[in-house]
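The sequence shown begins at 0 in numbering that gives the first Met the number 0 and counts up by one. Cβ coordinates follow ideal geometry from the N, Cα and C atoms, glycine included.
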Amino acid sequence: MASLIRRFDPRLAAELRTQRRPIVKGLLCVAVTSLLTSVTIPLIKQSLEAIRRAGDPHVPDRLASVDQLAIISALVVLVYGIKYWFTRGQTTYLSHAATRLANDLRLRMFDKLQRLPVSYFNERRSGAIQSVLTNDVNVYQTAVTIIRDSIEGPLKAALALGWIVYIQWQLALVTLLFLPPMAFVIQRNARKMRAAQAEVQQDLANLNAMSQESLQGARVVKALGAEEHANRTYSALVEASFRSTMAAVRRLATLRPMVELLGACALAAVLTICGWLAYRGSLSVPDIAALVYALDMINQGARSMGSVNTTYAQVQAASERIYREILDAPEEHLEARGDRRLAEVKGRIEFRGVSFSYPDGTEALRKVSFSIEPGTSLALVGPSGAGKSTIADLLLRFYDPGEGEILLDGVDLRELDVAWLRGLIGVVPQQTFLFAGTIEENVRLGRADASDEEVREAASAAHADVFIVPMPNGYQTELGERGIRLSGGEMQRLAIARAVVRQPRILLLDEATSSLDAHSEKAVQAALDEIMRSRTTLFIAHRLTTAARADRILVLRKGEVLEQGSHRELLAKDGAYAGMVRAFSSGVLDVV
0 MASLIRRFDP RLAAELRTQR RPIVKGLLCV AVTSLLTSVT IPLIKQSLEA IRRAGDPHVP
60 DRLASVDQLA IISALVVLVY GIKYWFTRGQ TTYLSHAATR LANDLRLRMF DKLQRLPVSY
120 FNERRSGAIQ SVLTNDVNVY QTAVTIIRDS IEGPLKAALA LGWIVYIQWQ LALVTLLFLP
180 PMAFVIQRNA RKMRAAQAEV QQDLANLNAM SQESLQGARV VKALGAEEHA NRTYSALVEA
240 SFRSTMAAVR RLATLRPMVE LLGACALAAV LTICGWLAYR GSLSVPDIAA LVYALDMINQ
300 GARSMGSVNT TYAQVQAASE RIYREILDAP EEHLEARGDR RLAEVKGRIE FRGVSFSYPD
360 GTEALRKVSF SIEPGTSLAL VGPSGAGKST IADLLLRFYD PGEGEILLDG VDLRELDVAW
420 LRGLIGVVPQ QTFLFAGTIE ENVRLGRADA SDEEVREAAS AAHADVFIVP MPNGYQTELG
480 ERGIRLSGGE MQRLAIARAV VRQPRILLLD EATSSLDAHS EKAVQAALDE IMRSRTTLFI
540 AHRLTTAARA DRILVLRKGE VLEQGSHREL LAKDGAYAGM VRAFSSGVLD VV
């Protein structure tokens with residue numbers, strides 16, 4: 000088995016070794032079932048000889064032949080009865096190994112996804128990632144099938160060949176002449192199958208990505224009347240998947256008939272020689288029947304080996320995608336992975352000459368400097384692409400600055416434990432994401448050990464209890480996928496509750512009240528004002544009314560700081576911010 004496992008990619012081989020025990024047990028069952036199958040060959044020979052003697056009037060004791068036939072029949076039943084239990088064991092053990100292999104791999108992949116940077120998800124379609132987690136892993140686990148067939152096929156062929164040698168050794172030599180051509184055809188086809196199967200898996204990933212996006216964006220598609228466009232796009236992907244699948248099928252369709260043709264040639268040659276030997280009296284009809292059955296076993300083994308190479312190509316293609324797309328993807332690349340945890344956090348944030356460019360070379364920030372004193376708030380204002388979201392990403396250490404430093408209470412963020420740092424920050428994004436589950440589970444996602452009372456206090460602070468309590472199941476209400484049963488404002492308030500339950504020292508709000516109606520916004524804003532009093536707060540402001548509530552405002556444009564100060568100070572400067580306020584007041588500018 001070790002040599003078989005070494006045939007795979009070293010990492011796949013290592014995965015298979017973790018399931019060594021059930022695989023070995025399954026292969027022992029395979030060996031026994033193959034041996035029992037080969038026992039059928041002499042039983043066929045003896046049963047036919049008994050039938051011949053029973054029907055021959057010249058045989059003195061014909062009844063003894065009938066008795067012998069009954070014994071042989073009982074042996075056949077016994078052999079297949081034993082084979083039933085070992086076949087069952089084979090299926091159970093190998094299925095256990097394959098399923099455990101797939102489940103362990105999915106857990107590793109999911110864990111890896113949690114440790115990948117935000118840029119990884121920005122650059123890939125979620126449906127394509129999902130395809131690797133499902134389709135490629137399903138193919139990957141068939142590596143266990145390869146091991147089984149690699150043992151079962153040759154073993155059956157060897158046992159059958161042994162019986163041919165026993166019955167008529169010259170015929171074994173004839174049979175052996177056809178094995179090298181079969182091996183050549185199988186190996187030649189396997190190399191081409193690998194490339195074809197890789198294309199099949201990629202096209203399937205594209206199809207899954209489109210399917211997932213269409214389902215998630217069903218409302219948008221209908222609202223835009225874009226059903227026909229979606230259908231055309233999906234149809235093109237289906238056609239591409241069909242073409243790549245058929246290319247792989249054609250490879251397979253060439254292999255199987257070719258192996259069967261060579262097997263038929265071997266059978267024809269053996270039957271021709273059998274006829275000559277029978278004519279000379281060297282071979283009986285029962286011998287010929289046993290030989291034909293043995294040849295069929297050899298052909299089954301050859302077809303099985305052909306299937307092994309096809310499946311091997313599929314597994315290798317899936318393995319490459321699994322490692323390339325997920326397991327080998329670089330994790331968060333942070334300049335330093337400090338492990339410091341401050342004994343007391345006041346919450347002073349300072350950016351000193353921070354510059355940053357994204358991996359693709361796009362410059363996002365240039366020499367940005369500002370500070371936020373503990374318990375105060377700062378609003379980031381500027382047009383799209385000004386660098387507001389980048390500042391938030393750097394504060395959360397999704398990225399590290401290319402130049403300059405970011406300090407928390409005078410300590411460079413790169414010296415701090417990342418998980419601990421993020422635990423200090425309560426984030427309320429503009430686009431709320433809720434998971435399928437109960438309201439309580441979604442709020443508690445902010446802090447897993449939060450008590451029921453703390454969950455309810457957080458919901459009350461976010462003004463979410465006003466719609467939760469009247470629900471029939473209250474906090475145990477199931478939200479459905481992506482919180483589809485709630486309005487936009489209700490979802491936003493749950494996101495605020497989720498941030499509050501963390502009891503954060505720092506708040507990061509991306510226009511946290513943008514989805515609320517006037518009444519709810521007033522109530523939530525009052526709650527946020529209370530929450531913010533003792534916390535450092537960073538706003539990403541899309542409305543000037545929100546920015547005006549902050550203690551200080553930072554105006555950004557093209558990654559640079561244009562001006563900073565309080566609302567009154569910036570109005571007095573009559574600079575960029577004052578121009579925005581005038582445009583807003585005249586109705587020219589609605590959001591920034």
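Let me check understanding here. Comparing Cα to Cα, which of the options lies closest to residue i?
i, options, result
"G337", "L415, P285 and R52", "L415"
"L11", "L433, D135, E349 and Q315", "Q315"
"T437", "T476, R413 and W419", "T476"
"G445", "V499, Q313, S565 and S486", "V499"
"R443", "A457, F432 and T431", "A457"
"T365", "D464, E402, A96 and E14", "Before going on, a small fix: residue 365 reads as Arg here, not Thr. The residue with the shortest Cα to Cα distance from R365 is E402."
"Q18", "T271, N102 and D528", "N102"
"S243", "E198, S283 and A235", "E198"
"M490", "V138, I552 and V427", "V427"
"Q67", "I43, R87 and G88", "I43"
"V138", "V344, D60, L104 and E362", "L104"
"F177", "R249, L261 and R114", "L261"
"Q140", "I371, R340 and A312", "A312"
"T144", "S240, L236, E343 and T310", "T310"
"T389", "Q113, G374, I405 and T375", "I405"
"V237", "D202, A73 and V248", "D202"
"G384", "H541, L377, I467 and E568", "H541"
Return the first residue and the last residue of the beta strand (DSSP E) that residue i is part of.
i, result
"V426", "I424 to V427"
"A378", "S376 to V380"
"R551", "R551 to R556"
"V353", "I348 to S356"
"L508", "I505 to D509"
"F538", "T535 to I539"
So residue i packs on residue j, CB below 8 Å; how close in whole Å?
i, j, result
"L158", "S303", "Rounded, the Cβ-Cβ distance is 13 Å, inconsistent with contact."
"K155", "G300", "5 Å"
"A96", "G25", "7 Å"
"A208", "L15", "No, A208 and L15 are not in contact; Cβ-Cβ is about 29 Å, not under 8 Å."
"L555", "L379", "6 Å"
"R504", "T535", "7 Å"
"L35", "V78", "5 Å"
What is the residue span of the alpha helix (DSSP H) that residue i lies within?
i, result
"A301", "V284 to I321"
"G126", "S125 to S130"
"V367", "Premise fails: V367 lies in the beta strand (DSSP E), E362 to I371, not in any alpha helix (DSSP H)."
"V560", "First-last for V560: E559 to G564, but that is the beta strand (DSSP E), not the alpha helix (DSSP H)."
"V454", "D451 to A460"
"R443", "I438 to R443"
"R147", "A142 to L176"
"I390", "K387 to L394"
"T476", "Where T476 is concerned, there is no enclosing alpha helix (DSSP H), given that its DSSP letter is neither H nor E."
"L115", "Where L115 is concerned, there is no enclosing alpha helix (DSSP H), given that its DSSP letter is neither H nor E."
"L493", "G487 to V499"
Given a cut-off of 9 Å, decide if residue j and residue i are closer than it, judged by their beta-carbon atoms.
i, j, result
"I539", "L506", "no"
"Y398", "P180", "no"
"L493", "T431", "yes"
"G381", "L543", "no"
"G346", "L407", "yes"
"C273", "L170", "yes"
"L294", "V258", "no"
"I128", "E324", "yes"
"Q524", "R548", "yes"
"G594", "E330", "Outside the shown range of the chain (0 to 591) lies residue 594, about which nothing can therefore be said."
"P41", "W168", "no"
"S565", "Y357", "no"
"A328", "Q200", "no"
"R51", "V284", "yes"
"V131", "A204", "yes"
"I166", "L266", "no"
Quick one: is residue i buried, meaning 16 or more other Cβ sit within 10 Å of its Cβ, or exposed?
i, result
"Y278", "exposed"
"I297", "buried"
"D286", "buried"
"L223", "With a pLDDT of 49 at L223, under the threshold of 50, the modelled position of this residue cannot be trusted; read the value that follows with caution. Burial call: exposed."
"Q89", "buried"
"M149", "Note on residue identity: the sequence assigns Ser, not Met, to residue 149. So S149 ends up on the buried side."
"R497", "buried"
"E48", "buried"
"L175", "exposed"
Is residue i near the ligand PLP, judged by its Cβ being under 8 Å from some heavy atom?
i, result
"H462", "Summarising the ligand content, the structure contains no ligands, and the ligand PLP is consequently not present."
At a Cβ threshold of 9 Å, is residue i touching chain D?
i, result
"I287", "This model lacks chain D altogether; it includes just one protein chain."
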